[in-house]
Ligand SMILES: Nc1nc2c(ncn2[C@@H]2O[C@H](COP(=O)(O)OP(=O)(O)OP(=O)(O)O)[C@@H](O)[C@H]2O)c(=O)[nH]1
Ligand SMILES: [Mg+2]
Ligand SMILES: [Zn+2]
Ligand SMILES: [Zn+2]
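Here it is in structure tokens:
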């Protein structure tokens, strides 16, 4: 249970109190959004289960960007700074946020972490949320877009069981696609159909950090957010 938000424990946190926490978070998120807009930074809230491959994705992204865009990261975990260390080894600025008992990042934690990042010099800020398919989706961080990393080893029905996160996402990355031959009975189409049942909007990209499948598509998706069509430009 998360002592910060009391998520999942209605005995401890009343609905009223929960709403107060969320409205305070929304104010902090709006403030973060001003920082990002002023700095011209595209911020992505990268969510998914523990071990889904969020950090591996960001490592592969850092390697693939090759000077096109500059990326920095904030890594949220209950404990350790392993993920930020991994991303620094991959060549990008990364700051760790240890949430202690909290099972999600909130906007104030992200604001605090911004102090430890260089004030400029990056175009993309990837916020790796705490590994959890539930409450990270509830807390706005000021991001421009939500990304869910769902690995094919987790089972096709996760979008149906954890619909809130999948309802709010702009993109689903189906990762570890290289493991398909080792997963008898697993069909990628089942994952895609489950995502579509919960939310028909998000793009779904099949990806493997080992074979590189899907990385170009993922970078293209990011590029689309970074260079929006000027108003009135389309047809
Ligand atoms: N085969 C395969 N393994 C992968 C892939 N992506 C990640 N992994 C492995 O999955 C494991 C977990 O990856 P991480 O990147 O640490 O996962 P995470 O989502 O950041 O985990 P937490 O931060 O702990 O929630 C590691 O052993 C990775 O090597 C992939 O595309 N294919
Ligand atoms: Mg990680
Ligand atoms: Zn500020
Ligand atoms: Zn929580």
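Residue numbers (my numbering): 5 to 239.
All residues carry an ideal CB built from backbone N, CA and C; glycine is no exception.
- Of the candidates 86, 65 and 111, the residue whose Cα lies closest to the Cα of residue 39 is 111.
- Take the alpha-carbon of residue 215 and the one of residue 24: they are about 46 Å apart.
- When the beta-carbon positions are compared, residue 148 and residue 229 come within less than 8 Å of each other.
- Residue 73 is positioned such that its CB atom lies closer than 8 Å to that of residue 127.
- In the pairwise beta carbon analysis, the region 104–118 is classified as touching the region 132–148: at least three pairs are separated by under 8 Å.
- Shown here for residue 168: same chain residues with a beta carbon closer than 8 Å to its own, the five before and five after excluded, namely 138, 141 and 142 in chain order.
- In the DSSP secondary-structure assignment, residue 211 is not bridged to any residue.
- In the DSSP secondary-structure assignment, residue 102 is bridged to 81.
- Annotation for residue 22 indicates a beta carbon at 7 Å or more from all heavy atoms of ligand 4.
- At least one heavy atom of ligand 2 lies closer than 7 Å to the C-beta of residue 58.
- Relative to residue 98, the option among 45, 76 and 80 whose CA is nearest is 76.
- Per DSSP, residue 217 lies in no alpha helix (DSSP H) and is assigned neither H nor E.
- Distance from the C-beta of residue 67 to the nearest heavy atom of ligand 4 is not below 7 Å.
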